[in-house]
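See structure below.
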Amino acid sequence: MIVRTLEKLEGTERDVSWGNGRSRRFLIKADGRPYSVTDTTVNADTSSFLQYRNHVETCYRIAGKGRLRNHTTGETHVIVPGTIYSLDKNDAHHLIADQEGLRLICVFYPNLNGDEVHHLSSGGRSSAY
Numbered sequence: 001m002i003v004r005t006l007e008k009l010e011g012t013e014r015d016v017s018w019g020n021g022r023s024r025r026f027l028i029k030a031d032g033r034p035y036s037v038t039d040t041t042v043n044a045d046t047s048s049f050l051q052y053r054n055h056v057e058t059c060y061r062i063a064g065k066g067r068l069r070n071h072t073t074g075e076t077h078v079i080v081p082g083t084i085y086s087l088d089k090n091d092a093h094h095l096i097a098d099q100e101g102l103r104l105i106c107v108f109y110p111n112l113n114g115d116e117v118h119h120l121s122s123g124g125r126s127s128a129y
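Mapping to UniProt numbering: the sequence shown position 60 is 60, numbers consecutive.
So, in structure tokens, the structure goes:
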């Protein structure tokens, strides 16, 4: 059985600056699960162009307001607390945080190693995931 608290993760190697916020990684590959679970924050007033080439990701919004835009289709969704979204086709997307930022619980499959970060640039999508 694995039991962890957010407080115990903060400031450790599992508390990762992912590019436009923090990802506190509750479960990673070393924990022996086939998936990872993170508590992720997104900095206020930011836009991140992302694509997960090696993972599928599902996120549940627990705080903040923002938008999720599909890069290919342009379809945009307002994301508020209580919203879930799932990126199941290696979707290139823009995650846009409003003035208060965002907080999400994310599940990745397969599991993360734990040290992955995004290398954000204005010229293109970026992901080491």
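Virtual Cβ for every residue (Gly too), placed ideally from N, Cα, C. These figures come from a predicted structure and were not determined experimentally.
**Prompt:** So, is Leu-30 buried or exposed, given that buried needs 16 or more other C-beta atoms within 10 angstroms?
**Reply:** Mapped onto the sequence shown, residue 30 falls at position 30. One point to set straight first is that residue 30 is Ala, not Leu, in the sequence displayed. Exposed, since its Cβ has fewer than 16 Cβ neighbours within 10 Å.
**Message:** Cutting at 6 Å between CB atoms, please list the residues of its own chain near Tyr-60, excluding the five before and the five after it.
**Reply:** The residue you call residue 60 lines up with position 60 of the sequence shown. Cβ within range, chain order: Ile-84, Ile-105.
**Prompt:** If we count Cβ pairs, one from each stretch, closer than 8 Å, do we get three or more for the stretch 65-74 versus the stretch 21-38?
**Reply:** no
**Message:** With H, G and I counted as helix, E and B as strand and the rest as coil, what does DSSP make of residue 213?
**Reply:** Outside the displayed span of the chain (1 to 129) sits residue 213, for which this structure offers no information.
**Request:** Buried or exposed for Ala-63, please, with buried defined as at least 16 other CB atoms from any protein chain shown within 10 angstroms of its CB.
**Result:** Numbered from 1 along the sequence shown, position 63 holds the residue referred to as residue 63. Looking at its Cβ environment, which holds fewer than 16 other Cβ atoms inside 10 Å, Ala-63 is exposed.
**Request:** Express the C-alpha separation of Ala-44 and Ser-36 in angstroms, rounding to a whole number.
**Result:** On the sequence shown, position 36 is the one that residue 36 refers to. On the sequence shown, position 44 is the one that residue 44 refers to. A direct Cα-Cα distance of roughly 25 Å separates Ser-36 from Ala-44.
**Message:** Please report the straight-line C-alpha distance between Glu-7 and His-55, rounded to a whole angstrom.
**Reply:** For the purposes of this step, residue 7 is identified with residue 7 of the sequence shown, where counting begins at 1. For the purposes of this step, residue 55 is identified with residue 55 of the sequence shown, where counting begins at 1. Going from the Cα of Glu-7 to the Cα of His-55 covers about 27 Å.
**Prompt:** Taking just the CA atoms, how far does Gly-32 sit from Gly-101?
**Reply:** Translated into the one-based positions of the sequence shown, residue 101 becomes position 101. Translated into the one-based positions of the sequence shown, residue 32 becomes position 32. Taking the straight line from one Cα to the other gives about 32 Å.
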